[in-house]
Every structure is written in structure tokens, then in C-alpha cells.
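K.L.:
First residue of the sequence shown: 103, per this note's numbering; consecutive thereafter.
Note that beta-carbon positions come from the ideal geometry of N, C-alpha and C, so glycine has one too.
Fair warning: this is a prediction, and the values are worked out from it, not measured in the lab.
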Amino acid sequence: MVSPQEQAQVVAWFNEFKSATQVQRKFRTTYNRSPPSRPTIYEWHERFMTTSIVLPKPKSCRPSRSFHDFKRIQETFRRSPRKSIRSAAQHLQIPRSTVHDVVHKKLRLYTYKLQLLHELKPDDRPRHRTFAEEMLQKWRIMKIFYNVYSILDLSRNCDNAHVVWFGYV
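1. Alpha carbons only, please: which of Pro138, Ser162, Asn134, Phe172 is nearest the one belonging to Gln195?
2. Between which residues of its own chain and Tyr270 is the CB-CB distance below 8 Å, once the five residues before and five after are set aside?
3. Rounded to the nearest angstrom, what separates Ile187 and His193 at their Cα positions?
4. Buried or exposed for His170, going by 16 or more other Cβ atoms inside 10 Å?
5. Tell me which same chain residues have a C-beta within less than 7 Å of the C-beta of Gln107, skipping the five on either side of it?
6. Can you find at least 3 beta carbon pairs, one from the region 195 to 208 and one from the region 223 to 234, that sit closer than 8 Å?
7. For Asn117, which residues of its own chain have a beta-carbon under 8 Å away from its beta-carbon, when the five flanking residues on both sides are left out?
8. Using 8 Å as the Cβ pair cut-off and three pairs as the minimum, do the region 123 to 132 and the region 156 to 163 touch?
9. Quick one: is Thr178 buried, meaning 16 or more other Cβ sit within 10 Å of its Cβ, or exposed?
10. Could you check the C-alpha separation between Arg149 and Ser182 for me, to the nearest Å?
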């Protein structure tokens, strides 16, 4: 982002050098960062020549969200995370689109995301370990079964096949 003083300096350099490339080089050596693009330099110069002002005209757009509204929305969804955006907007008397933007963009709350994490209990670690050990045991049994099944399948094509089951013939 270029400050208004830097914009004015760029316009002054353009009037002096008459070359956007030289202005870019001067900007890079003076401020040690990437310069504005050539079209931007031309636009700033043209704006200065027509209006005698470097800054763009103020835009007439919607007023930005206030910090107070943001805090109210945040507090509402902290107290009741299951509340709908529509009912929160009606309760707070704030436009629904504003509540939607704050909830999704600032608070990053989504209906399909995990919002709360259950508290871990003292007996959770042994239960997780038991579950993991049981799954590993089932996996080992399935692996042995699959290997025996593969040997049996291969032995169909042989006349004198011997099946080895846990070291026994």
C-alpha cells in the first residue's frame, strides 16, 4: 500500500523524468520495496493533472461495520451458537447480510464445521489405547486370513500343493 506522500512523490518524479520505468527504478531504490505498476503511475499522473489531487475521490458506499456491532454479534453467537443468522439479525436489529458477513468472515463459524470440542475425561486415554489395540489385532487377523486365502487360491493351479497354517503342514 502506497501512502499519499509516496503517491505525490511518484507524480513529481513522473513530471521530472517523463518515464514510468525511471519512476519505478527511483521508487525501488528510495523505498526498498516493489514500485507501483506503470498503469498506476499513469493513472495517478492523469488524476493529478485533471483534479490537482493525488488521492482518489471518496466513494459513496455502505458504512462499514462498527466494532460495537461486531462485539454484539460475537457475544450473541458465543451465548447460543445454534442460533440462526436470521433470528440473530432480527434480535440485534442489524441487517441480515451484515450478521452473515461477520459470522462467516470474521468469526469463521460455519454450520458444517466442528464448533465445540468435548472435554477430555481421565478415562479417555485408556479407552483410546484399547480401541487402537483391538483394531490392530483385527487388522493382523485379517492380514493372516488374506495371506492364507491367497495361498489357497494359488494352490488351485498346482497338483501337489501344501498349505502352511501357522507353521504346520
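P.N.:
Concretely, from the data shown:
1. Measuring from the Cα of Gln195, the nearest candidate turns out to be Phe172.
2. Caution applies to Tyr270, whose pLDDT of 47 falls short of 50 and renders its modelled position unreliable; the value that the coordinates give is listed next. Here the set comprises nothing.
3. Whole-angstrom Cα-Cα distance: 10 Å.
4. exposed
5. none
6. no
7. His147
8. no
9. buried
10. 51 Å
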